[in-house]
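Following: one structure in structure tokens, then a few remarks.
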Amino acid sequence: MSNQIRRFTHFFEGMNASDGAGVRLKRYIARPGLDQVDPFILLDEFRTEKADDYIAGFPSHPHRGFETVTYMIHGRMRHRDSTGMEGLLTPGAVQWMTAGHGIIHSEMPEMESGLMWGYQLWVNLPSQLKMHAPRYQDIPPERIPETADNDTQVRVIAGSHNGTSGAAETLTNVTYLDVTINPGGHFQREEPTDHSSFLLMLDGELKDSTGKLARRGQLVVIEGEGTLDVTAGNEDARFLYFAGEPLNEPMARRGPFVMNTVDELRQAFEDYQAGRFTTT
Ligand code: FE2
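For the sequence shown, this note's numbering gives the first residue as -12, with consecutive numbering after it.
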């Protein structure tokens, strides 16, 4: 690890992709060039006003070995899962789902027109927690704490920021923030040196302390030591900020299963096909 100040080091545009029953999205993590930012193993953005791009949704499908985190910015999504839970994600809501040893769920838009805008993140689980009991945290917008100073507003989804603890209970050491900075304002943040961190630009522009510029639509990997200090441009800058302690474990992934070994992957497919995941 470089001993230079924490700064922007790698920039990625989202790749056009399609998932579920044909939802068009931009894939930022789990694509050529960026397989993971350990412990984050997938990040998708859906942001479209065209109903055809999202209307088919994500019908019933399984997961094992990690957590899925859905954050809605705009629009509504109905969620049902095999633990019997059901919930409606509204703008600003988060669903933090631990797939653990196996869950089957569906995620369907509850709207037929208008803007659908949100993010799905996959957080890996360490080997000893991959077979954790499935659980589901449905967090409405008003339960997500906000902290603000002069020119910056931060919604704390997970982890903590300036002494404010996030809404989600997590099994791994991760931080998930939604940050808005007024024009010219600053955001500062430290992480332990060996932790991964990156941000995803939703709107506006952001400069780090070395003068590197992040633009709307870019995922920016952050590396170095000490305090990250970023400044918004001439308009509001909004970004999602992620940080986490890397697991540093082998990963065997295929479709909806993320395990440590190929044998465990084979077992996941066998268990699913044999109906050993609870069904809805
Ligand atoms: Fe899913």
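Each residue gets a CB set at the ideal place from its N, CA and C atoms; glycine is no exception. Because the structure is a prediction, the values reported are computed rather than measured.
query	result
Start and end of the beta strand (DSSP E) containing Arg34?	27 to 35
In angstroms, rounded to a whole number, what distance separates the CA positions of Ser183 and Gln124?	24 Å
Classify Asp136 as buried or exposed, calling it buried when 16 or more other Cβ atoms lie within 10 Å of its own Cβ.	exposed
Just reading off the alpha helix (DSSP H) that Ile40 is part of, what are its end residues?	In the sequence under discussion, the amino acid at residue 40 is Asp, which differs from the Ile named in the question. First-last for Asp40: undefined, no H or E at that position.
For Asn247 and Ser47, which I take to be in contact (beta-carbon distance under 8 Å), what is that distance rounded to the nearest angstrom?	About 26 Å separates the two Cβ atoms, so there is no contact after all.
Between Phe264 and the ligand FE2, is there a pair consisting of the residue's CB and a ligand heavy atom that are separated by less than 7 Å?	no
Using a 10 Å radius around the Cβ and a threshold of 16 neighbouring Cβ atoms, would you call Arg142 buried or exposed?	buried
Is the beta carbon of His119 within less than 7 Å of some heavy atom of the ligand FE2?	no
Is it right to say Gln(-9) is buried, meaning 16 or more other beta carbons lie within 10 angstroms of its own, or is it exposed?	exposed
Please list the terminal residues of the continuous alpha helix (DSSP H) segment that includes Ser254.	Sequence check: residue 254 is Gln here, not Ser. 249 to 260 is the extent of the alpha helix (DSSP H) around Gln254.
When every heavy atom of the ligand FE2 is checked, does at least one fall within less than 7 Å of the C-beta of His50?	yes
So, at 7 Å on beta carbons, what are the nonlocal neighbours of Val110 in its own chain, with the 5 sequence-adjacent residues on each side left out?	Pro26, Phe27, Phe53, Glu54, Val56, Thr159, Val161
Since Ala218 sits in a beta bridge, which residues does DSSP pair it with?	The question names Ala, but residue 218 is Thr in the sequence shown. Paired residue(s): His173, Lys194.
Check Ser114 in the structure and name its three-state DSSP category.	helix
Taking Thr57 as part of the beta strand (DSSP E), name the residues at either end of that continuous run.	53 to 61
Are three or more beta carbon pairs between the segment 177 to 191 and the segment 205 to 225 nearer than 8 Å?	yes
In three-state DSSP terms, what is Pro179?	coil
Identify whether Glu232 lies in helix, strand or coil by the three-state DSSP scheme.	coil
Rounded to the nearest angstrom, how far is the Cβ of Leu264 from that of Ile126, given a contact under 8 Å?	Note that residue 264 is Phe in the sequence shown here, rather than Leu. About 24 Å; that fails the 8 Å criterion.
So what's Glu0 in DSSP terms, helix, strand or just coil?	strand
Please confirm whether Met98 and Phe45 have their CB atoms less than 8 Å apart.	no
Do Thr157 and Ala145 count as a contact pair if the criterion is CB distance below 8 Å?	yes
Opposite Glu133 in the DSSP bridges: which residues?	Arg142
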